[in-house]
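What follows is one structure encoded as structure tokens, with my remarks underneath.
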Amino acid sequence: QVQLVESGGTLVQAGGSLRLSCAASGSIYSINAMGWYRQAPGKQRELVARITTFGTTNYADSVKGRFTISRDYVKNTLSLQMNSLKPEDTAVYYCNAVVGPGNGMDYWGEGTLVTVSA
Numbered sequence: 030q031v032q033l034v035e036s037g038g039t040l041v042q043a044g045g046s047l048r049l050s051c052a053a054s055g056s057i058y059s060i061n062a063m064g065w066y067r068q069a070p071g072k073q074r075e076l077v078a079r080i081t082t083f084g085t086t087n088y089a090d091s092v093k094g095r096f097t098i099s100r101d102y103v104k105n106t107l108s109l110q111m112n113s114l115k116p117e118d119t120a121v122y123y124c125n126a127v128v129g130p131g132n133g134m135d136y137w138g139e140g141t142l143v144t145v146s147a
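Under my numbering, the first residue of the sequence shown is numbered 30, with each subsequent residue one higher.
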């Protein structure tokens with residue numbers, strides 16, 4: 030079992046920056062990969078950024094060059110630094126952890142709302 034708690038979501042103006050954090054607890058040593066997903070109103074949840082235990086990262090095309098994902102193994106946190114925010118980045122952002130071998134099992138946080146005003 031892994032518990033994930035996101036924080037950092039708020040209202041920000043377009044062009045601004047924001048940093049999201051996700052605190053992980055429980056069976057953290059079983060985590061294979063972690064990521065951030067988002068879901069805008071009326072849309073499906075989509076991958077924003079992902080990082081593996083080897084440090085390999087991948088990003089959605091829409092956030093490349095603006096967002097940076099990182100993981101702190103000492104503090105057991107996952108972060109998402111978001112720069113040059115756009116109104117279309119408005120969404121609930123969810124922290125995800127994949128636990129176990131193979132495709133693993135997905136764990137999710139409750140989400141944190143990011144609103145970018147024009």
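Glycine included, each C-beta is placed from N, C-alpha and C at the ideal position.
{"query": "C-beta atoms of Val121 and Leu142 nearer than 8 Å", "result": "yes"}
{"query": "Limits of the unbroken beta strand (DSSP E) element including Val121", "result": "120 to 128"}
{"query": "Alpha carbon of Gly64 to alpha carbon of Leu33, nearest angstrom", "result": "11 Å"}
{"query": "Beta strand (DSSP E) segment containing Leu114, residue limits", "result": "Careful: Leu114 lies outside any beta strand (DSSP E) and carries neither H nor E."}
{"query": "Per-residue burial, Ala126 [other beta carbons within 10 Å of its own, 16 or more giving buried]", "result": "buried"}
{"query": "Local Cβ density within 10 Å of Tyr88, reported as buried at 16 or more and exposed below that", "result": "buried"}
{"query": "Cut-off 7 Å between Cβ atoms - residues of its own chain near Asp135, not counting five sequence neighbours on either side", "result": "Asn125, Val127"}
{"query": "8 Å CB neighbourhood of Asn105 in its chain, flanking five on each side removed", "result": "Ala52, Ala53, Ser54, Ile57"}
{"query": "Counterpart residues of Ala53 in DSSP-defined beta bridges", "result": "Leu33"}
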